[in-house]
Every structure is written in structure tokens, then in C-alpha cells.
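**Q** Residue numbers (mature numbering (1 follows the signal peptide of the UniProt record, and there is no 0)): -19 to -1, 1 to 134.
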Ligand SMILES: [Ca+2]
């Protein structure tokens, strides 16, 4: 009976351990709020970056508030790194969407942006210089990027 009790106790502890793991993120991903985030340093154009994120069960990161924006900035290897995130206006000029389908509500545009310079800027880069703010940039440019997916549990 004591043996059985010990076994049950171990089983419960083990189960709780698993539950705790389920709340977090896979190895190599950083946890914030309900999400897991990964900075990919290998440069890619925006569409390739989006597809690379999809290939590992994620999307290019969406940014829903200032805290999430600051969290992504904190993961950058240097203050002048300007990665892609999931915002795009590829369907209709000026109509911004996130690749993960969430509503495009919060914005952190730099002054004068998005300017769709030369009518060729349909993708969103984080951390434009002099303000750590957002800029619309040409999608074919090769950049590092952020993937994001929901945390387990
Ligand atoms: Ca721009």
C-alpha cells in the first residue's frame, strides 16, 4: 500500500511537471504572454521569411501592443537590426494585415510612415532607425525576421 501511495505521488509530481512544460515554448523559442517567439538571423525576403515561419508551425510575428513590441526589440542582437514582422499590405495599398489573421489594431509607425515610397513598400520592418518604430519597406529586401506561435496550454 505504501508502495502504491509512493507510486501515485511520483505520478502526480511527474504530471504536474509536464503541465508546467506545456505552458511554455519549444527549445529556442522565447515566451511572452500567450506566445512563443523566435528571431531568425538568416536574411530572407518577406515572403520567404513568411513561408519559413510556416514551415515550423508558426507565422511571422504580429505585434498587438507596446509591450509585445518592446519584447521583440529586446530579442534583437543589436540596436540597428531591422527585422521583418508579419504586417503586409500586399492585397490593397494602405490596407494592412497580419499574416496570422489577427486584427491589425496597434501600430507603431515612425513619423511619416508608412509612406509606400516609390509605390513599392508593402511589408513591415520593425525597428527603423531613430525611434525603434515601424516602416513599410520593399518586400524583396533580405532581412532577419521574427516567427511567432501560440504557447502550449
Ligand atoms: Ca517606408
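In this text, a Cβ means the ideal position worked out from N, Cα and C, and glycines have one as well.
Remember, predicted model here, so these are calculated numbers, not experimental data.
(1) Residues near ligand 1, CB to any non-hydrogen atom under 7 Å, in chain order?
(2) Looking at the secondary structure, which residues open and close the alpha helix (DSSP H) in which residue 91 lies?
(3) Just to confirm my understanding: we take residue 121, look at its own chain, exclude 5 residues before and 5 after, and list those with CB closer than 6 Å. What are they?
(4) If you draw a straight line from the alpha carbon of residue 98 to that of residue 91, how long is it in whole angstroms?
(5) Can you list, in chain order, the stretches of the beta strand (DSSP E) that have 3 or more residues and sit fully within the segment 53 to 91?
(6) Do residue 66 and residue 31 have their C-beta atoms closer together than 8 Å?
(7) Select from 133, 113 and 24 the residue whose C-alpha is nearest the C-alpha of residue 52.
(8) Who are the near neighbours of residue 102 in its chain, counting only those whose CB is closer than 6 Å to its CB and skipping five residues on each side?
(9) Counting only the same chain and skipping the five closest in sequence on each side, list residues whose C-beta sits under 8 Å from that of residue 38.
(10) Identify which residue in 63, 35, 10 and 11 has its Cα closest to the Cα of residue 81.
(11) So the candidates are 108, 24 and 68; which of them puts its Cα closest to the Cα of residue 45?
**A** This is what the structure holds:
(1) 94, 95, 96, 97, 98, 102, 116, 117 and 118
(2) In the chain shown, the residue the question calls residue 91 occupies position 110. No alpha helix (DSSP H) holds residue 91; DSSP gives it neither H nor E.
(3) The residue given as residue 121 occupies position 140 in the chain shown. Only 26 meet the Cβ criterion.
(4) Counted from its first residue, the chain shown places residue 98 at position 117. Counted from its first residue, the chain shown places residue 91 at position 110. In a straight line, the C-alpha of residue 98 is about 14 Å away from that of residue 91.
(5) 65 to 69
(6) Within the chain shown, numbered from 1, the residue matching residue 66 stands at position 85. Within the chain shown, numbered from 1, the residue matching residue 31 stands at position 50. Their beta carbons are not under 8 Å apart, which means residue 66 does not touch residue 31 by this criterion.
(7) Counted from its first residue, the chain shown places residue 52 at position 71. Looking at the Cα atoms, 113 is the closest of the given residues.
(8) Taking the first residue of the chain shown as position 1, residue 102 is located at position 121. Cβ within range, chain order: 117, 118 and 119.
(9) As a working note, residue 38 is residue 57 in the chain shown. The residues are 130.
(10) Sequence index remark: in the chain shown, residue 81 carries index 100 (1-based). Comparing Cα positions, the closest option is 35.
(11) Numbered from 1 along the chain shown, position 64 holds the residue referred to as residue 45. Closest by alpha carbon: 68.
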